[in-house]
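*Asks:* Once you've had a glance at the structure underneath, I'll fire off some questions.
2 protein chains.
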Amino acid sequence: MLNPSDFIQEAVEEIRNTVGDEKAIIALSGGVDSSVASVLAGKAIGDNLTAVFVDHGLLREGEAEYVKKTFSERLNFRYIDASDEFLGELEGVTDPEEKRKIIGRVFIEVFERVAEEIGARYLVQGTIAPDWIESEGKIKSHHNVALPHGLVLEIVEPIRELYKDEVREIGLELGLPREMIQRQPFPGPGLAVRIVGEITREKIGICRRANAIVEEEVLESGLHESLWQYFAVLTDTMVTGVKGDVRDFGYLVVIRMVESLDAMTASVPELPWELVKRISKRITSEIPEVTHVALSVSDKPPSTIEFA
Amino acid sequence: MLNPSDFIQEAVEEIRNTVGDEKAIIALSGGVDSSVASVLAGKAIGDNLTAVFVDHGLLREGEAEYVKKTFSERLNFRYIDASDEFLGELEGVTDPEEKRKIIGRVFIEVFERVAEEIGARYLVQGTIAPDWIESEGKIKSHHNVALPHGLVLEIVEPIRELYKDEVREIGLELGLPREMIQRQPFPGPGLAVRIVGEITREKIGICRRANAIVEEEVLESGLHESLWQYFAVLTDTMVTGVKGDVRDFGYLVVIRMVESLDAMTASVPELPWELVKRISKRITSEIPEVTHVALSVSDKPPSTIEFA
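One line per chain: the protein sequences are A and B, in this order. Just so we're aligned, residue 798 is where the first sequence starts under our numbering, counting upward by one. Just so we're aligned, residue 798 is where the second sequence starts under our numbering, counting upward by one.
In structure tokens:
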């Protein structure tokens, strides 16, 4: 059994011992993992930690504002709009592993620049157990990659041994807002993993709106309490539809809502049918580029939680 | 209100008047529409009608055998394996309208050859009302196209004014097996409309197996009585999965089950969740190329019943 205050004390000491009086940066994404890691590291080394929020252009609706509001008074916080850089590098790339790798690489490059500027020696990351267990199984690469040429940043992973429910406990103990702690996990590569095929600004817009509709409806229904994740995937499948009396041709969006304890396995529960239909109707009526909506029904395994 | 025996009498007379002592062929697909049209025309002109069953290589599991068994004693029946020709022409084609057009064209070409051989003058077709109403709305093209160069066949459409439920009534009155009459509609272009993107033999095999699983489970559940159509679509979206402990990458299959009265509108009802999960699990476990299954939830409109 994890004792939150013991864990925090030990983690803080370990970070202090490791980092000493040097500077560190952390990639603060606004998810539970990196938020907890940021606050732990901030507690350990104060303003010697720079919490960098990188806007890769693949954020959810309102994401940047939310993170700014939550952390700008709590941490030495920096917002960096690197969306042009990310989207430029992703142009024409369709392979999901390739996309993850590019995003991971640019991420680290952006850090390197900030790190050089502030004279940092350490990169703190919010890696948790399922991330590296999956990586070692060669299921997905994560962006806790080694640094490229240039400045060498040592990686510090204070919550590497924890599972999600434990991270949430620590977050509450650290005084993070409950609303933030209970937020569904959001992948580091952002909407990139929810856009199948090439990523374009148009597709990001569609995917962002579809995800906002799913989140709104799930929050409204109260189901966010029992669901692990709930989101929309913009596939690269085009489906014939009919709008008014004329033929239409648009995207297939898949909505996915899963229950899970630790992301190692996940299952799709029976969902209120009116909710599913309402989400579907809102998506096709509010997003003209979408003609068809389907509800994912595959568990993990054999599927993964995110599509890519 | 349609009076079945009056309709049959009038239709038979009209076919006789039109065709006279000439020869006719019909594209018998095994669906309710073409079956009813075939039997009507056979009733009208006997062996002067050749019912041609064209295997375009895009049939459901057991389809060819079923049609042979049902019609070879009832009609002047011919089975033609034209799958190489169809699949050759479809190679590399991804646009759904283009696929429909190619299939329609090759269809007519095959007929033309048989028609020349038997000296036919007429092409009987099982077109029903929603087909041409939709075509005129430019939603989908159907393969009741005009003939290409060469032999001119006149098109006869004896059930052109009927809706599906009326076609079924006529079929029963004509003594067709109830099981056949109640079969769900199957599109003329076959599995082509259920394979998004390029059609290959591998993808046909996957799509055929997924459709067989959906049909088996729906029949087993008894839901075929209330559903208009129930099928599986092989999309061109690839999804990350996990088999054993290793990363897997495979197709997204969408299952679609709709209620409808006449195909002009359709809706997805709430379905027994155990059935949906069972279908999903069978598809991912019995078809290794598939990693993810989703249930279509969009009504028509804004979607169409088939995906293409």
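A virtual CB, placed ideally from N, CA and C, is assigned to each residue, including glycine. Predicted model, so just to flag it, every value in this text is computed and none were measured.
Near A838(A), what residues of its chain come up, given a Cβ to Cβ distance below 7 Å and the 5 sequence neighbours on each side ignored?
*Replies:* I812, A821, I823, L846, V921, P955
*Asks:* If we ignore side chains and look at the alpha-carbon of each, how far apart do H1089(A) and T815(A) end up?
*Replies:* 52 Å
*Asks:* Looking at C-alpha atoms only, which residue of L825(B), Q806(B), A808(B) is the closest neighbour of G987(B)?
*Replies:* L825(B)
*Asks:* At the 9 Å Cβ level, is D1096(B) part of the contact set with chain A, yes or no?
*Replies:* yes
*Asks:* Under the three-state reduction of DSSP, which class applies to V1065(A): helix, strand or coil?
*Replies:* coil
*Asks:* Chain A beta carbons: is any one of them nearer than 9 Å to that of S1018(B)?
*Replies:* no
*Asks:* On the three-state DSSP scale, how would you describe E1056(B)?
*Replies:* E1056(B): strand per DSSP, three-state reduction.
*Asks:* Using 8 Å as the threshold, is the stretch 966 to 979 of chain A in touch with the stretch 873 to 881 of chain A, meaning 3 or more CB pairs across them?
*Replies:* Touching, no, given that fewer than three Cβ pairs across the two stretches are closer than 8 Å.
*Asks:* In this structure, how does DSSP classify Y919(B) when only helix, strand and coil are distinguished?
*Replies:* strand
*Asks:* Any idea if G916(B) is buried or exposed, counting beta-carbon neighbours within 10 angstroms, 16 or more meaning buried?
*Replies:* exposed
*Asks:* When the Cα of V911(A) is compared with those of A879(A), E894(A), V890(A), which residue comes out closest?
*Replies:* Comparing Cα-Cα distances from V911(A) to each of A879(A), E894(A), V890(A), the minimum goes to A879(A).
*Asks:* So the alpha helix (DSSP H) A756(B) belongs to, where does it begin and stop?
*Replies:* Absent from the structure is residue 756(B), since the part of chain B shown begins at 798 and ends at 1105.
*Asks:* At a Cβ cut of 7 Å, what residues of the stretch 1062 to 1091 of chain B count as close to chain A, listed as they run along the chain?
*Replies:* E1067, W1070, V1073, K1074, S1077, T1081, T1088, H1089, V1090, A1091
*Asks:* Where does R980(B) sit, in a helix, a strand or coil, going by DSSP?
*Replies:* In the structure shown, the three-state DSSP call for R980(B) is coil.
*Asks:* If you compare alpha carbons, which of V1030(B), S1095(B), F883(B), P1099(B) is closest to F983(B)?
*Replies:* V1030(B)
*Asks:* Mind pulling the chain B residues with CB within less than 9 Å of K1040(A)?
*Replies:* P1098, P1099
*Asks:* Residue range of the beta strand (DSSP E) that T1088(A) falls in?
*Replies:* Unbroken beta strand (DSSP E) run through T1088(A): 1087 to 1093.
*Asks:* Can you confirm whether R1032(B), when its beta carbon is compared against all beta carbons of chain A, has any partner nearer than 9 Å?
*Replies:* Residue identity differs from the one stated: residue 1032(B) is Thr in this sequence, not Arg. At least one chain A Cβ lies under 9 Å of T1032(B).
*Asks:* Should T1032(B) and L1049(B) be called a contact, given that it needs their Cβ atoms to be closer than 9 Å?
*Replies:* In this structure, T1032(B) places its C-beta atom within 9 Å of the C-beta atom of L1049(B).
*Asks:* Helix, strand or coil for I936(A) per DSSP?
*Replies:* Confidence in I936(A) is poor, its pLDDT being 41 and thus under 50, which makes the residue's placement unreliable; the coordinate value appears in the next sentence. Note: I936(A) maps to coil in three-state DSSP.
*Asks:* Which of helix, strand or coil does DSSP assign to N941(B)?
*Replies:* With a pLDDT of 41 at N941(B), under the threshold of 50, the predicted position of this residue should be treated as unreliable, and no value is reported.
*Asks:* Sort R975(A), T1034(A), T1101(A) by Cα distance to S1064(A) and report the nearest one.
*Replies:* T1101(A)
*Asks:* Taking only the alpha-carbon atoms, compute the straight-line gap between E993(B) and E807(A) and give it to the nearest angstrom.
*Replies:* Going by the sequence as given, residue 993(B) is Val instead of Glu. V993(B) and E807(A): Cα-Cα distance of roughly 54 Å.
*Asks:* Work out the CA separation of K865(A) and R1005(A) for me, nearest whole Å.
*Replies:* Spanning the two alpha carbons is a distance of roughly 19 Å.
*Asks:* To the nearest angstrom, how far is the alpha carbon of H940(B) from that of I905(B)?
*Replies:* The predicted model places H940(B) with a pLDDT of 41, which falls under 50 and marks its position as unreliable; any figure quoted below should be read in that light. Distance between the alpha carbons of H940(B) and I905(B) is about 8 Å.
*Asks:* Using the three-state DSSP reduction, which class does T847(B) fall into: helix, strand or coil?
*Replies:* strand
*Asks:* Tell me which residues share the same chain as R975(B) and place their Cβ nearer than 8 Å to its Cβ, disregarding the 5 neighbours each side in the sequence.
*Replies:* Non-local beta-carbon contacts of R975(B) in its own chain, meaning distances under 8 Å to residues more than five positions away in sequence, involve L969 in chain order.
*Asks:* Can you grab the Cα-Cα spacing for the pair T1081(B) / G1002(B), in whole Å?
*Replies:* C-alpha separation (whole angstroms): 14 Å.
*Asks:* Taking the CB atoms as reference points, tell me whether V1036(A) and G1019(A) lie closer together than 9 Å.
*Replies:* no
*Asks:* Identify, in the order they occur along the chain, each residue of the same chain with its Cβ nearer than 6 Å to the Cβ of K840(A), setting aside the five sequence neighbours on each side.
*Replies:* V809
*Asks:* For E862(B), count neighbouring Cβ atoms within 10 angstroms of its own Cβ and tell me buried if that reaches 16, exposed if not.
*Replies:* exposed
*Asks:* Nearest chain B C-beta to E1103(A) closer than 9 Å, yes or no?
*Replies:* yes
*Asks:* For Y863(B), does the three-state DSSP call read helix, strand or coil?
*Replies:* helix
*Asks:* Could you check whether V1051(A) and L1024(A) sit closer than 9 Å to each other, using their CB atoms as the reference points?
*Replies:* no
*Asks:* Kindly indicate if chain A contains any beta-carbon less than 9 Å away from that of D1045(B).
*Replies:* With 9 Å as the cut-off, D1045(B) counts as an interface residue toward chain A.
*Asks:* For the beta strand (DSSP E) containing A1007(B), list its first residue and its last residue.
*Replies:* Looking at the DSSP string, A1007(B) is not in any beta strand (DSSP E); the run it does join, the alpha helix (DSSP H), is 998 to 1018.
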